[in-house]
Amino acid sequence: SLLTQLAKSSNTNKLAMAEAGALDALTKYLSLGPQDAIEEATADLLRILFNCNELRAHESAIGAVNQLIAVLRLGTRKSRYSAARALDQLFSAENIRTGDSGKQAIAPLVEMLNSGSEKEQKAAMSALISLSMENPPKALAIADAGTSTIDSLCRFLMSDCSLELKEYAAELCRVLFSNARIRTMPAASNCITPLITLLMADSSGLQLSSASALDNLLDDEYQAEIVAAEGAIIPLCGLVSGDKYLLHESVISALTKLGKDRPLCKVEMVKAGIIDSVMEIILVVPDVLCSRITELLRILTNNASIAKGATTANIIKPLFMVLSRPGLSPAGQHSALQVLINIVEKPQTQEIQNLIPNQCIEPLTPLLDSSSQNVQQLAAELLGHL
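The numbers in the sequence shown follow my numbering, run straight up by one, and end at 392.
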């Protein structure tokens, strides 16, 4: 109890404890099977200690992982909860996350996810998220564990549990759906409708996790067709407002994937007001998001009827301003140029005629010296149209 109080909010004390041999001592103590309350307190102290980056890289960390997994399997309910939270901290270290020992934690964590209380389910999901992040072998092992983990997550998404627990479930879906093989599993399709419904939840975190999970699913063409058919476009378009830029990145990415080779989806996006929505934020968003927006506009204006539509008049002046952004990537410049060409090559060019030369010529001339040959060519082509 004293060590726990000293370790809280003090990395200096944590490091001093590690130097005094606390990690080895606590791990050995757990292996002796102490009384229930002491086992729980010991696992919780390890969680607090491993909240420190330096201690996760300590040579004693691997031994602690193995012992915490043993507690996860055989300890009391409260001890298992503390062990899951400690492992969550440890799995953020790459060598532990990718090591063999972490795989032994999957089965008991999935069991906790399926049968624990809400706080235990949160702890289990958080640990599974940490374990599977950028770790395809572990993600597959989690998806294949016992009864389908994906089916379990789908039940959480559709249940009347708290929004916080649903956010954990959606976030674990996001991480798992980054794996191509998991995206093809039939159970993944079952998550689509509840994820779309949760886009309208009163929680920005849940909206982000749901949108990101759908964005990853859209990399599979079969799943993309289902997402399009289940009515994702309108709720996705409704999320593009304000300054929630991380959410906007996932939403714009998802809409771009839905718009490719799907003319009806493009028309639905325009009717839902996506062009006006992105033009309201394009000049203030970070460069990465700006580039994503120009790609979406390129996809939309590749459709001749959209390029000739009344809403595209609002695109021209801001996109010339976007081309002057010093941090815009060549890909973003390429997309912005293509959007402008898609519009100005059509018969109606009144908006272009209303621009004064320095609004449209000055942003283009530096692009003639771009390191990207494609950007050079499109800049020259657009100058020709002007």
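Built from N, CA and C at the ideal position, the CB exists for glycine as well.
The structure presented is a predicted model; accordingly, all values stated were derived computationally and were not measured.
- Cβ atoms of Leu242 and Ala260 come within 8 Å of each other, at about 6 Å.
- In the same chain as Ala147, and ignoring 5 residues on each side of it, the C-beta atoms closer than 8 Å to its own belong to Lys109, Ile112, in chain order.
- The beta carbon of Asn141 lies closer than 7 Å to those of Arg103, Thr104 in the same chain, with the five residues before and after it left out.
- Following the DSSP letters along the chain, one finds Asn72 inside the alpha helix (DSSP H) bounded by residues 67-80.
- Around the beta carbon of Ile362, fewer than 16 other beta carbons sit within 10 angstroms, so the residue counts as exposed.
- About 21 Å separates the beta carbon of Asp293 from that of Leu245, a gap too long to meet the 8 Å contact definition.
- Taken in chain order, the complete alpha helix (DSSP H) segments of 4 or more residues contained in the segment 287-362 are 293-307, 310-313, 322-328, 336-350, 356-359.
- Under the three-pair Cβ rule at 8 Å, the segment 35-44 does not count as touching the segment 60-68.
- For Val116, the uninterrupted alpha helix (DSSP H) run begins and ends at 112-121, by DSSP.
- Bounds of the alpha helix (DSSP H) holding Arg86 are 83-96.
- If you draw a 10 Å sphere on the C-beta of Arg83, you find fewer than 16 other C-beta atoms in it, and that means exposed.
- CA-CA distance, Val233 to Asn360, rounds to 41 Å.
- In this structure, Leu52 keeps its C-beta atom at 8 Å or more from the C-beta atom of Ala26.
- Ranked by Cα distance from Arg331, the options Leu306, Asn348, Pro200, Val291 are led by Val291.
- Contiguous beta strand (DSSP E) elements confined to the segment 11-39 do not occur, taking only those with 3 or more residues.
- For Thr199, the CB contacts under 6 Å within the same chain, skipping 5 residues up- and downstream, are Glu236 in chain order.
- The alpha carbon of Ser98 has as its nearest neighbour, out of Gln73, Gly122, Leu137, the alpha carbon of Leu137.
- Taking a cut-off of 8 Å for Cβ pairs, the segment 294-302 and the segment 313-324 do not touch, as fewer than three such pairs fall below it.
- The DSSP-derived three-state label of Arg268 is coil.
- Apart from the 5 residues on each side of it in sequence, Ala151 sits with its Cβ closer than 7 Å to the Cβ of Ile112, Ala113, Val116 in its chain, given in chain order.
- Nearest Cα to Val181 within the set Asp50, Gln11, Arg304, Ile135: Ile135.
- It is roughly 15 Å from the alpha-carbon of Val77 to the alpha-carbon of Leu96.
- Judged by DSSP secondary structure, Glu126 falls within the alpha helix (DSSP H) whose first and last residues are 124-138.
- Exposed is the label assigned to Ala386, since fewer than 16 other Cβ atoms lie within 10 Å of its Cβ.
- Runs of the alpha helix (DSSP H) spanning 4 or more residues and lying entirely within the segment 175-223 occur at 186-189, 192-196, 198-204, 210-223, in chain order.
- For His64, no alpha helix (DSSP H) run applies, since DSSP gives it neither H nor E.
- DSSP, reduced to helix, strand and coil, places Gly390 within a helical segment of the structure shown.
- Following the DSSP letters along the chain, one finds Asp50 inside the alpha helix (DSSP H) bounded by residues 42-55.
- Pairing Leu252 with Ser209 gives a Cβ-Cβ distance that is not under 8 Å.
- Ala149: member of the alpha helix (DSSP H) spanning 142-149, first to last residue.
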